[in-house]
Amino acid sequence: MRDAQTIVAEMASERIQLVIDTCLLAGRIMIESGSEMYRVEDTITRIAHNAGVENSVIYTTPTGLFFSVKGSAVSELRQINSRTINLEKVQRVNTLSRKFAEKQISLRELHDALEDVDQNTPLFPLWLQFLASVVVSSTMMILFSGVYDWNDLIISGVIGGLGFLANYYINIWTRVKFLSELVAAFLVGFIAYLAVQLHLGQNINNVLIGAIMPLVPGVPLTNALRDMFAGHLMTGTLRALEAGMTACAIGAGIGLAFRIFF
Amino acid sequence: MTIWMELIVQTTFSYVGTIAFAIMINIPRRALNACGWCGLAGWLTFWSLYRIGSGRMVANVMGSLVLGLMGLYFARKKKMPAILFNIPGIVPLVPGATAYQAVYEMVLGSVSKAAIYTFRVLLVAGAIAVGFMLTSLFSEITTKIRQYRTSIKP
Numbered sequence: 057m058r059d060a061q062t063i064v065a066e067m068a069s070e071r072i073q074l075v076i077d078t079c080l081l082a083g084r085i086m087i088e089s090g091s092e093m094y095r096v097e098d099t100i101t102r103i104a105h106n107a108g109v110e111n112s113v114i115y116t117t118p119t120g121l122f123f124s125v126k127g128s129a130v131s132e133l134r135q136i137n138s139r140t141i142n143l144e145k146v147q148r149v150n151t152l153s154r155k156f157a158e159k160q161i162s163l164r165e166l167h168d169a170l171e172d173v174d175q176n177t178p179l180f181p182l183w184l185q186f187l188a189s190v191v192v193s194s195t196m197m198i199l200f201s202g203v204y205d206w207n208d209l210i211i212s213g214v215i216g217g218l219g220f221l222a223n224y225y226i227n228i229w230t231r232v233k234f235l236s237e238l239v240a241a242f243l244v245g246f247i248a249y250l251a252v253q254l255h256l257g258q259n260i261n262n263v264l265i266g267a268i269m270p271l272v273p274g275v276p277l278t279n280a281l282r283d284m285f286a287g288h289l290m291t292g293t294l295r296a297l298e299a300g301m302t303a304c305a306i307g308a309g310i311g312l313a314f315r316i317f318f
Numbered sequence: 016m017t018i019w020m021e022l023i024v025q026t027t028f029s030y031v032g033t034i035a036f037a038i039m040i041n042i043p044r045r046a047l048n049a050c051g052w053c054g055l056a057g058w059l060t061f062w063s064l065y066r067i068g069s070g071r072m073v074a075n076v077m078g079s080l081v082l083g084l085m086g087l088y089f090a091r092k093k094k095m096p097a098i099l100f101n102i103p104g105i106v107p108l109v110p111g112a113t114a115y116q117a118v119y120e121m122v123l124g125s126v127s128k129a130a131i132y133t134f135r136v137l138l139v140a141g142a143i144a145v146g147f148m149l150t151s152l153f154s155e156i157t158t159k160i161r162q163y164r165t166s167i168k169p
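The listed protein sequences derive, respectively, from chains F and B.
Just so you know, we're using this note's numbering here: the first sequence kicks off at 57 and counts up by one.
Just so you know, we're using this note's numbering here: the second sequence kicks off at 16 and counts up by one.
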């Protein structure tokens, strides 16, 4: 025979479990989508606070996060395997957390909505992303080269778009880290070399600078330094390391293409 | 090319380029236009300061400061996180191309050039981060002033 006390205790522990699950899910989505760490910690603490758990402890790294409640024996860990930039997810988690704070949705609804965000956040269609990478390549080529090299505008954009597509498809096809960047950069270098040989482009340096813009990790690198300045030394170091590895893969890919064809 | 033509090209290209990058990292649709304005403001600040000879560091700090302030403004206006406007906005400023050049020179064996580029990457990225630090300082100060005002009113 279970008395009322045990039932109440069971319900309380179930609720704590749901709070932990929700907090860790929100944190995982935000870290995977490239949010700043202070925002992740802030959001998780707020969700826990609004769910009635006052003394929560959170420890975040880019490869995993811990959540625990002070004074109780529970402590859970989630692993994070992919780190991309998808700011729509950050925005949705933020909105949901605000709604939960204003008591428009319950904890269970928050949890289900977060799972929906994790699974079903729409991306822009691939052709639009391809077009965007073409535009990024050609505009940034003009801005960075500083010489208004109009002859290479179109070819730089086209090669940049092809590099983006290569990166995209290789990422689907293989799980090997940094391989997609390496192969995409190799292709970019190879096509740029061919284009200059066939007189479609003129200055190979300008073409390359534009064409690798969709691949280079400038934004992750700057974010890593921002994290470091904000006091998240661990996050900053890991993100900077990942950005550096990506830069190495791209440089190695282009260098390889040049070694073979020049 | 005259200075006005250059200004027009820099303005339109930074605006369009920022929006295109925003599409690549999946920014919500209703934030796209604001992202473009942020990128434009940051890049024009950088470009004009760099043109009048302020040096790379100062230009980058000021560029990211202006961009961060624009981001704060849009974040308050549209009730979205500021990061949504900052991240696409810094794309024209970030040293991605320099990072690639550093590794490229390393692969080709010219170590001294690689060292110069690596150093420049760190300086520029650091400068941008300092600019954002100043932005968050500014937002803290304004919040404090606002709190102070509301506390004396009644």
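We put the beta carbon where it would ideally sit given N, CA and C, even for glycine.
For clarity, every value in this text was computed on a predicted model and none was experimentally measured.
Buried or exposed by the 16-neighbour rule on C-beta atoms within 10 Å, applied to H105/F:
exposed
So, does the CB of I265/F fall closer than 8 Å to a CB anywhere in chain B?
yes
Suppose contacts are defined by Cβ-Cβ distances below 8 Å. Is Y115/B in contact with G307/F by that definition?
yes
Please name the residues in the region 27–38 of chain B whose beta-carbon is closer than 7 Å to at least one beta-carbon of chain F, in chain order.
F28, S29, V31, G32, A35, F36, I38
Cβ contact (3+ pairs, closer than 8 Å) linking the region 204–211 of chain F and the region 245–264 of chain F:
yes
To which residues does DSSP link F123/F through a beta bridge?
I114/F, E132/F
Chain-ordered chain B contacts of Y224/F [CB-CB under 8 Å]:
In chain order: nothing, as chain B lies at least about 10 Å away.
What would DSSP say about V192/F, mapped onto helix, strand or coil?
helix
For my contact list, Y119/B and G311/F are in at a C-beta cut-off of 8 Å; report their separation, rounded to the angstrom.
6 Å
Out of S212/F, A107/F, P273/F, which one is the CA nearest neighbour of E6/F?
Any property of residue 6/F remains undetermined from this structure, which presents chain F solely from 57 to 318.
So, are the CB atoms of P96/B and Q147/F less than 8 Å apart?
yes
Does the beta carbon of Q73/F come closer than 8 Å to any beta carbon on chain B?
no
Apart from the five residues on each side of it in sequence, which residues of its chain come closer than 8 Å, Cβ to Cβ, to S154/B?
L87
Contacting positions in the region 147–180 of chain F - beta carbon closer than 9 Å to chain B:
Q147, R148, N150, T151, R154, T177, P178, L179, F180
Listed in chain order, which residues of the region 195–212 of chain F have Cβ atoms closer than 7 Å to some Cβ of chain B?
T195, M196, I198, L199, F200, Y204
Using CA atoms only, rank isn't needed, just tell me which of F317/F, D283/F, L121/F, L277/F is closest to C304/F.
L277/F
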